[in-house]
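Asker:
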């Protein structure tokens, strides 16, 4: 893999988008047909709310790698960031059709269903993700949200406590557990998380 692309991915994960974009520019200078560079550049643009450019780059990445489930997943995340739920659902469903054994893809679609408050669909996709990877933190967190949305606070709490056993420092799990405690009126526990 192109070292500029590797550095860009690390910088993107650390929310250092300007630096990631510089590395991606260098990666594209070496290989102007690198679909991952376009997809990651689109993700950087989406993170900075430049959705028109993000969409253009996402389409370019999918054109260069039409059979890449991973690129479709990243493009679906871009679409989700701009709150285009129908496009995100279609794109991530295509990723699932290309690779039905990736928990990230099911978790992404579960997140879309959760935004729509379609709790049964959310739970089904979380179950699919967790059947592939029983310790998938995003799926556990989304499933707890769905359980809370359906009024099963006890199951949501247990779900998040399990997530924190797996990853005690996971900020997302702590925040979700805090909201769950807050919903129950347990202010001290909510504040702790």
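Numbering (our numbering), first residue to last: 834 to 1026. Note that CB positions come from ideal geometry on N, CA and C, so glycine has one too. Here the structure is a predicted model, which means the values were calculated and not measured.
Along the chain, where does the alpha helix (DSSP H) that runs through residue 856 open and close?
Answerer: Its alpha helix (DSSP H) spans residues 850-863.
Asker: Can you list, in chain order, the stretches of the alpha helix (DSSP H) that have 4 or more residues and sit fully within the region 967-1010?
Answerer: Complete alpha helix (DSSP H) runs here, min 4: 970-982 and 986-999.
Asker: Give me the Cα-Cα distance between residue 1016 and residue 903, rounded to the nearest whole angstrom.
Answerer: Cα to Cα, the separation comes out at about 36 angstroms.
Asker: Is it buried or exposed for residue 891, if we count other Cβ within 10 angstroms and need 16 for buried?
Answerer: Residue 891 is buried by the Cβ-count criterion.
Asker: Given that a residue counts as buried once 16 or more other Cβ atoms are within 10 Å of its Cβ, and exposed if not, what is residue 895?
Answerer: With 16 or more other Cβ atoms within 10 Å, it is buried.
Asker: Throw me the rounded Cβ distance for the residue 1036 and residue 982 pair, which I believe falls under 8 angstroms.
Answerer: Nothing in the structure corresponds to residue 1036, since the chain is present only between 834 and 1026.
Asker: Is the beta carbon of residue 995 less than 8 angstroms from the beta carbon of residue 965?
Answerer: No. Outside cutoff.
Asker: With residue 1009 and residue 963 assumed to form a contact (beta carbons below 8 angstroms), what rounded beta-carbon distance in angstroms separates them?
Answerer: Incorrect: roughly 16 angstroms between the Cβ atoms, too far for contact.
Asker: Which class does residue 1019 belong to by DSSP, given the choice of helix, strand or coil?
Answerer: Coil.
Asker: Could you give the distance in angstroms between the alpha-carbon of residue 960 and the alpha-carbon of residue 943?
Answerer: Using only the alpha carbons, I get a separation of about 9 angstroms.
Asker: Quick check on the burial criterion: 16 or more other C-beta atoms within 10 angstroms. Buried or exposed for residue 993?
Answerer: With 16 or more other Cβ atoms within 10 Å, it is buried.
Asker: Express the C-alpha separation of residue 921 and residue 911 in angstroms, rounding to a whole number.
Answerer: So the alpha carbons of these two residues sit roughly 8 angstroms apart.
Asker: Considering residue 881, what are the terminal residues of the alpha helix (DSSP H) in which it resides?
Answerer: Note, residue 881: premise wrong, no alpha helix (DSSP H); not H, not E.
Asker: Look at the alpha carbon of residue 861 and the alpha carbon of residue 1003, and state the distance between them as a whole number of angstroms.
Answerer: Each residue's Cα considered, the two are about 34 angstroms apart.
Asker: Rounded to whole angstroms, how far is the Cβ of residue 948 from the Cβ of residue 918, which I believe are closer than 8 angstroms?
Answerer: The Cβ separation is near 6 angstroms, so the contact holds.
Asker: Near residue 840, what residues of its chain come up, given a Cβ to Cβ distance below 6 angstroms and the 5 sequence neighbours on each side ignored?
Answerer: Closer than 6 angstroms at Cβ, skipping near neighbours: 856.
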